[in-house]
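Residue numbers (this note's numbering): -14 to 280. Every residue, glycine too, gets a C-beta built ideally from N, C-alpha and C. Here the structure comes first, spelled out in structure tokens, and everything after it is commentary.
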């Protein structure tokens, strides 16, 4: 089983005729993703990798039955594209686009929440269900099917850690990038709840980083409601306060948002936190042995 995406999900690609959209569509199709339509205004009637292109999301959904969408559109176009997509009835959206204006992200988040639509991003590496489908830019050869759920703010660290897990025989049920901007469309706590409800996920790995308070808030959710074991790695131990490091959301301000504050909160909630990315595998193995002893 998986969360949010499987081989049957009918996927729409927005910005499909652009350079990145074309390349990523090719790779998503090769992985097995069920891409049924693309949208680029004024490009309707074109075909990309065998996928028909429409001028509007409403037309694409009407013709193809698309139920999920992945964005490869310019930052300034994300708000209008998201609202159009939500209004067309699409229930799950992945926003790969970087540099989305913060105020636009806030408006999109509110609009989607009011209408019960789930979004990942902005600046999401996407979502991948190993052996079935992927939406976004995650490289399929880094993952293997299994029972470990992965939530990451960093695409690169997700690939490294999932590759290490797969090499140890610990495949993934679903791996996803929640996004690395100051405003996340879906909270870490909400994503943990999805994995907790999935009968084919045994354990969840959180790959976090400095900046924001997602991990601190999630720690409370883990302590209060999570029934499955959680392992985490937090990047950015040496980041100085007020210095932005890489991602737009990776900036430490005050006492919260530091690697240490996140680690302390997670450990207090019973999460095993790795000091280095290479330590994640052994912590996962230890937690699995504790929670699921051999019969």
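In chain order, what residues of the same chain have a beta carbon less than 8 angstroms from the beta carbon of residue 19, not counting five sequence neighbours either side?
As a working mapping, residue 19 is identified with position 34 in the chain shown. Excluding positions up to five away in sequence, the list reads -8, -7, -6, -5, -4, 118.
How long is the line joining the alpha carbons of residue 192 and residue 138, rounded to whole angstroms?
As a first step, residue 192 must be located in the chain shown, where it is residue number 207. As a first step, residue 138 must be located in the chain shown, where it is residue number 153. Roughly 6 angstroms between the two C-alpha positions.
Can you list, in chain order, the stretches of the alpha helix (DSSP H) that have 4 or more residues and sit fully within the region 6 to 60?
42 to 49
Just grab the DSSP bridge partners of residue 77 for me.
For the purposes of this step, residue 77 is identified with residue 92 of the chain shown, where counting begins at 1. Its beta-bridge partners are 53, 103.
Residue environment, residue 107, which counts as buried when at least 16 other CB atoms sit within 10 Å:
Locating residue 107 in the chain shown gives position 122, counting from the first residue. It counts as buried.
Helix, strand or coil: which one does DSSP assign to residue 136?
Here the question's residue 136 lines up with position 151 in the chain shown. Strand at residue 136.
Over what stretch of residues does the alpha helix (DSSP H) that includes residue 158 continue unbroken?
Residue mapping note: residue 158 aligns to position 173 of the chain shown, counting from 1. Per DSSP, residue 158 belongs to no alpha helix (DSSP H); it is in the beta strand (DSSP E), 157 to 162.
Would you say residue 180 and residue -12 are within 8 angstroms of each other, going by their C-beta atoms?
By one-based count along the chain shown, residue 180 stands at place 195. By one-based count along the chain shown, residue -12 stands at place 3. Going by C-beta atoms, residue 180 is nearer than 8 angstroms to residue -12.
Just curious, the beta strand (DSSP E) that residue 169 is in, first and last residue?
Taking the chain shown and counting its residues from 1, the one referred to as residue 169 is at position 184. That residue, residue 169, is in no beta strand (DSSP E); it is neither H nor E in DSSP.
Quick check: residue 204 and residue 251, are their CB atoms within less than 8 angstroms of each other?
Indexing the chain shown from 1 puts residue 204 at position 219. Indexing the chain shown from 1 puts residue 251 at position 266. A contact, by the Cβ cut-off of 8 angstroms.
Go ahead and label residue 61 buried or exposed: buried means 16 or more other beta carbons lie within 10 angstroms of its beta carbon, across all protein chains shown.
The residue you call residue 61 lines up with position 76 of the chain shown. The residue is exposed, with fewer than 16 neighbouring Cβ atoms inside 10 Å.
Suppose you measure from the CA of residue 55 to the CA of residue -1; what does that come to, to the nearest Å?
In the chain shown, counting from the first residue as 1, residue 55 sits at position 70. In the chain shown, counting from the first residue as 1, residue -1 sits at position 14. In a straight line, the C-alpha of residue 55 is about 6 angstroms away from that of residue -1.
Residue range of the unbroken beta strand (DSSP E) whose run includes residue 269:
On the chain shown, residue 269 is found 284 positions in, with the first residue counted as 1. No beta strand (DSSP E) holds residue 269; the alpha helix (DSSP H) holding it covers 265 to 276.
Do residue 109 and residue 164 have their C-beta atoms within less than 8 angstroms of each other?
The residue given as residue 109 occupies position 124 in the chain shown. The residue given as residue 164 occupies position 179 in the chain shown. Result yes, Cβ atoms of residue 109 and residue 164 sit closer than 8 angstroms.
Give the DSSP-derived three-state secondary structure of residue 120 in the structure shown.
Indexing the chain shown from 1 puts residue 120 at position 135. DSSP places residue 120 in strand when its eight states are reduced to three.
Per-residue DSSP class, three states only, for residue 85
Position 100 of the chain shown, counted from the start, is the residue given in the question as residue 85. Looking at residue 85 - three-state DSSP - the assignment turns out to be coil, as it is neither helix nor strand.
In this structure, how does DSSP classify residue 235 when only helix, strand and coil are distinguished?
By 1-based counting over the chain shown, the position of residue 235 is 250. Because residue 235 sits at a pLDDT of 48, beneath the cut-off of 50, its placement in the model cannot be relied upon, and the following sentence gives the value as read from the coordinates. In the structure shown, residue 235 sits in coil (DSSP, three-state: anything other than H, G, I, E or B).
Specify the secondary structure class of residue 193 as computed by DSSP and reduced to three states.
In the chain shown, residue 193 corresponds to position 208, counting from 1. Correct three-state label for residue 193: strand.
Candidates 135, 17, 66: closest to residue 187 by CA position
To locate residue 187, count along the chain shown from 1; it is residue 202. The candidate whose alpha carbon is nearest that of residue 187 is 135.
Buried/exposed call for residue 247, threshold 16 Cβ in 10 Å:
To locate residue 247, count along the chain shown from 1; it is residue 262. Residue 247 comes out buried.
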